[in-house]
Amino acid sequence: MSDTSNPQPSNVIEVRDLVTHYGPREILHGINVDIVEGEIMVIMGGSGSGKSTFLRHLMALQPPTSGTIKILDEDVWNLSQKELFALRKKLGVAFQGGALFSSMTVGENIMLPLHEHTKLDRLTMEIMARMKLEVVDLSGFEDLMPSELSGGMIKRAAVARAIVMDPRILFFDEPSAGLDPVVSKQLDELILRLRDAMGMTICVVTHELESAFTIADRITVLDQGNILFVGSVEELKKHPSERIQNLLNRRSEEAEIDADEYLRRLTGDKEEAEGMPR
Amino acid sequence: MVEKSNQNAAARFFDRVGRISVASFDEVGRHGAMLLESVYWLVLGPRMNQPVRLGSIFAEMMEIGVRAIGIIGIMAAAIGAMLAIQGIYSLKIFGAEGHVVLGVAFSMVREFAPLITGILVAGRSGSALSARLGTMKINQELDALEVMGINPTRFLVVPSLIASLIMVPVLTFMSMVLGLYAAALYVNAALGMSLAAFFDQTIDVLSVGDLTHGIGKAAIFGVLIALIGVLNGFLVKGGAEGVGKATTRSVVQCISAIVVTDMLFALVATF
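Protein chains in written order, with the working numbering: chain A, 1038 to 1315; chain B, 492 to 762.
Structure, rendered in structure tokens:
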């Protein structure tokens, strides 16, 4: 962890007994996670493990069925709308596809949070936007439209927008997805730089092992809606659990075959197979 | 065996009817909720440092209204001329061509101007709103707004709603004037009636009530177009195909809502 001066850093995010459903299907089955100030927490898991849903909860985008999510000591779903807005100003998110507004230039995209939340004049906002573009190595690109940028540039511009309000917590959704290894490495370096230079707490959802091992202070492994592991990279690598070793060595799980279930799936008996993913 | 399959078919039919009814009520409810939420943000937004920006409203007025002037003007003129042509043709049977002004004025101001304006704005802007919001949704731009502490309803919906509420009546008024002018030109050519005489008669037969009937309807159409367009965009699922479906659905729903509301409005207003 970077912040060694503080012997007991406080939790910036506390998740307790988080349960969530999509329709009748339970996605997360009672998750407990703490994210400590100044750390880079990587959330890993295969497809369908519930990690994207978990991230949506951490960003306060989706209320859970039960359980509590505390961000910066505030119980997110017990806040008034005004308090939630105030809290959200302290969060930044770089989405998987960048989520830049296509009708605005890169500079306008970055200035949008400043424009909406502050009373700064245009010139100051432009200077701040250029400063953040410098941080992500995109200086001089402020007048381009998002459609004129490459995949890696879009992600970096999205990071610039996410950090423009100097958030306390920064979320990354699959930062390496769709990028070549070189650009992906640059983005990893950027994430480390943001933690070190700005002291942000960073939460990254990814399924890229290499990237996770490079940046993580701690890793949370989600599997089928449960937490399989929380700990450091070294602890993860040495963990005796077969499921974790399968994940690390990219071995697919041998699914247990239930003959009756298999027959029901084949014959398409809907009532019997209720709740099965179809 | 046959009896059982009939029972099953009947059960499926009622099941389907039930589901469609529930879904329809659900959708009407969502429109109501969206309208209430928009009013909420318009009134209480400034207190939460989330004001509706005047600049966004003007930008939407430009898109929904000003850019539609050309096509709506042409359509309104064509309809005005068509009404004059048909009016003279049918009134000729009774030798009463001179009364054509009465028919044209009433039908243009009370009916055709709001209807054609509503339908054209629905086709242009209702679909565009759905496509824009739908694309924003699948690109996670709506989530990005939410996380930035910017309410999407306040930021995207309210400006469109207000712009549509203002511009559809304004465009309707323009349609009335252009439609009547085109009719006047045809009547002048066909019957030799001067433009001044045409407009004198028009002002004589029309009351303020007729004008407010047309403009009032247009305001309702404006709200319906924005709400339907926005909601279909917000409900997009499943990528680019979903955006396409939402756009089509939005136009069909907008035009259906306009025609049905038009009929109900006429019924209530003339009771």
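Every residue, glycine too, gets a C-beta built ideally from N, C-alpha and C.
None of the values given here were measured: they were computed from a predicted structure.
Asked: Outcome for residue 1041/A when other beta-carbon atoms lying within 10 angstroms are tallied against a minimum of 16; Found: With a pLDDT of 46 at residue 1041/A, under the threshold of 50, the predicted position of this residue should be treated as unreliable, and no value is reported.
Asked: Touch test, the stretch 571 to 581 of chain B against the stretch 701 to 719 of chain B, Cβ-Cβ under 8 Å, three pairs minimum; Found: no
Asked: Bounding residues of the alpha helix (DSSP H) (the contiguous stretch that carries residue 761/B); Found: Residue 761/B -> no alpha helix (DSSP H), and no H or E assigned at all.
Asked: Contact list for the stretch 1139 to 1150 of chain A against chain B, Cβ threshold 9 Å; Found: 1139, 1140, 1149, 1150
Asked: Between the CA atoms of residue 1211/A and residue 1244/A - distance to the nearest angstrom; Found: 7 Å
Asked: Of the residues 692/B, 733/B, 743/B, 700/B, the one placed nearest residue 715/B, counting alpha carbons only; Found: 743/B
Asked: Which listed residue (751/B, 541/B, 628/B) has its alpha carbon closest to that of residue 1155/A; Found: 541/B
Asked: Buried/exposed call for residue 1219/A, threshold 16 Cβ in 10 Å; Found: exposed
Asked: Cβ pair residue 574/B, residue 721/B closer than 8 Å; Found: no
Asked: Per-residue DSSP class, three states only, for residue 1103/A; Found: strand
Asked: Element boundaries [beta strand (DSSP E), containing residue 610/B]; Found: Premise fails: residue 610/B lies in the alpha helix (DSSP H), 604 to 612, not in any beta strand (DSSP E).
Asked: Simplified DSSP assignment, three categories, for residue 1276/A; Found: coil
Asked: Contacts that residue 635/B makes with chain A (C-beta to C-beta distance below 7 Å); Found: 1130, 1132, 1136
Asked: Distance CB(residue 1070/A)-CB(residue 1267/A) smaller than 8 Å; Found: yes
Asked: Selected residue, minimal CA-CA separation from residue 1170/A, among 1138/A, 1238/A, 1227/A, 1063/A; Found: 1227/A
Asked: Separation of residue 1240/A from residue 1194/A, as counted between CA atoms; Found: 18 Å
Asked: CB contact check: residue 632/B to chain A, cutoff 8 Å; Found: yes
Asked: According to DSSP, residues forming a beta bridge with residue 1108/A; Found: 1050/A, 1111/A
Asked: Residue 1190/A, buried or exposed, once every other Cβ within 10 Å from all chains shown has been counted against 16; Found: buried
Asked: Min CB distance residue 1316/A to chain B below 8 Å; Found: Chain A is shown from 1038 up to 1315; residue 1316/A falls before or after that span and cannot be answered.
Asked: Same chain, Cβ closer than 7 Å to residue 686/B, neighbours up to 5 away in sequence not counted; Found: 675, 679
Asked: Range of the contiguous beta strand (DSSP E) that encloses residue 1265/A; Found: 1263 to 1268
Asked: DSSP three-state assignment for residue 1148/A, whether helix, strand or coil; Found: helix
Asked: Cβ neighbour criterion (16 or more within 10 Å) applied to residue 498/B; Found: exposed
Asked: Contacts of residue 1098/A in chain B (Cβ-Cβ under 7 Å); Found: 634, 637, 638
Asked: Beta-carbon spacing of residue 662/B, residue 612/B below 8 Å; Found: yes
Asked: C-beta neighbour in chain E for residue 1185/A, strict 8 Å; Found: Included in the structure are the protein chains A and B, with no chain E among them.
Asked: Spatially closest choice to residue 1181/A from 1147/A, 1209/A, 1167/A, 1143/A, by CA coordinates; Found: 1143/A
Asked: Cβ-Cβ separation, residue 1198/A to residue 1146/A (assumed contact under 8 Å), whole Å; Found: 5 Å
Asked: Proximity test, Cβ basis, 8 Å: residue 1169/A and chain B; Found: no
Asked: Inter-stretch contact (C-beta, 8 Å, three-pair minimum) for the stretch 737 to 754 of chain B and the stretch 631 to 644 of chain B; Found: no
Asked: Own chain partners of residue 560/B with C-beta closer than 8 Å, once the 5 adjacent residues on each side are dropped; Found: 662, 665
Asked: Residues near residue 725/B by beta carbon distance below 7 Å, same chain, minus five either side; Found: 624, 628
Asked: Segment contact flag, the stretch 598 to 613 of chain B with the stretch 747 to 759 of chain B, C-beta cutoff 8 Å, min 3 pairs; Found: yes
Asked: Whole-number beta carbon distance between residue 671/B and residue 703/B, since they are thought to touch under 8 Å; Found: Not confirmed; about 17 Å, so no contact.
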